[in-house]
Structure formats: C-alpha cells, structure tokens
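A.B. asks: Going by our numbering, the sequence shown opens with residue 962, and the numbers climb by one from there.
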Amino acid sequence: APAKARKARDRRIDVFRGIALAMIFINHVPGTVYETLTSRNFGFSDAAEAFVFISGVSAALAYAAIMAGPKLWPGVARIWARAWTLYLVHLLVTVWVIGISAATFRWGGDTTLMLRDNVQYLFKDLSGVLTGLPLMTHQVGYVNILPMYAVLLLACPVLILAGRSHPRGRRRRERRGAGKGPDRARV
962 APAKARKARD
972 RRIDVFRGIA
982 LAMIFINHVP
992 GTVYETLTSR
1002 NFGFSDAAEA
1012 FVFISGVSAA
1022 LAYAAIMAGP
1032 KLWPGVARIW
1042 ARAWTLYLVH
1052 LLVTVWVIGI
1062 SAATFRWGGD
1072 TTLMLRDNVQ
1082 YLFKDLSGVL
1092 TGLPLMTHQV
1102 GYVNILPMYA
1112 VLLLACPVLI
1122 LAGRSHPRGR
1132 RRRERRGAGK
1142 GPDRARV
C-alpha cells in the first residue's frame, strides 16, 4: 500500500506562535521601546495566553487525525512521547539556567543570578529543589512554559476525544459521511 501523504504544515500558525514568543521575550526585558507595542497593553491578557492557545490549536491539528484512527493507543503514545520530550528539554534548560547562574558567580563574581528567580533555593533547601525539579513542583524563573505545555499535552488525548464526542462534532462527522475521508478528524 502506498504511504499516506503528510499534510503540509500550516506556517501561519508558526508565524503567530513566533510573534507570541517574541512578545513574551520583550515583556520579560523591561525598559525597552518595544514593550509598549506588545499585546499586554491592548487587552486583558498577554502573549503567554496567546502562545498557549496557539499551541493547543497546533496540537489539535497535529494529533486529532491520529486519534481518529481505529486504534487509540498509537495516537496517545505519540502525544505522550512529545510530552516526554518537552519534559526532558525542560530539565535540560533548567540545568543550563542553574549552570549559567553558577558560572556568572564563579567567574564573574556576580551573585545576582544566584539570588533570584528561584535559583536561591538551591542554598536554602537543596533536597527540596532536587526533588522538586523532576517532579515539576520547583521551577526556576522564566523556565515554566515547557512543563505547562507538557502537562497540557498529557491531557490532550482526553481533550481531543471529548471534542470528538461533543454533539456538534458528531453532527459534522455525520454530514461528512460517518468519518470517511481525510477530513474525518477535524476538531
């Protein structure tokens, strides 16, 4: 049987996700001329919420078709494998942040990074930090978006199935011919 053609990635989503990430970065660097142009000044939320929303839409587009197949677990396994990858990247980034903070202290003599953004708890409660980092109950500053996204991805299969079982979703599938064809998994 010929291999199924992969659906082309929608680059528009990547553009908006990139804009949201740029705004998040600008909002975390106070005093720049650009911070007056970010979304936090024009609405009731900031770019972090936009990033989470866009990531949810991306997850639905990427994984809903897999979850629509006859076997549920291959789709769940793929989603959870992505969550595991994000978890490992989070741990790596956290170690790098702690390492950079320690390096600025050791070779630069500056204690600023060691005494802020939850890095200081390494000195106050080492065992709590070392158990909290892998359990995601302790996070250093500015490194908390990946674990949140990983946890949301763990919930993604349930959310996709709930969306598919919603009456409006069932009616759409019935109009399309009871799930036949390439559009059967749209969420």
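Glycine included, C-beta positions come from ideal geometry on N, C-alpha and C.
Roughly how many angstroms lie between the CA atoms of W1041 and V1080, to the nearest whole one?
C.D. replies: Whole-angstrom Cα-Cα distance: 29 Å.
A.B. asks: Just the Cα atoms here: how many angstroms apart are Y1110 and A1021?
C.D. replies: Taking the straight line from one Cα to the other gives about 13 Å.
A.B. asks: For R1077, does the count of other Cβ atoms within 10 angstroms reach 16, so buried, or fall short, so exposed?
C.D. replies: Exposed is the call here.
A.B. asks: With three or more C-beta pairs closer than 8 Å as the rule, is the region 1093-1104 touching the region 1041-1060?
C.D. replies: Yes: the two stretches touch, three or more of their Cβ pairs being nearer than 8 Å.
A.B. asks: What is the DSSP secondary structure of R1147, counted as helix, strand or coil?
C.D. replies: With a pLDDT of only 44 at R1147, under 50, the local geometry of the prediction cannot be trusted, and the value read off the model is given with reservation. DSSP places R1147 in coil when its eight states are reduced to three.
A.B. asks: DSSP three-state label for G992, please.
C.D. replies: Reduced to three states, the DSSP call for G992 is coil.
A.B. asks: Less than 8 Å between the CB atoms is what I'm expecting for G1017 and L1115, so what's the real figure, rounded?
C.D. replies: Rounded, the Cβ-Cβ distance is 13 Å, inconsistent with contact.
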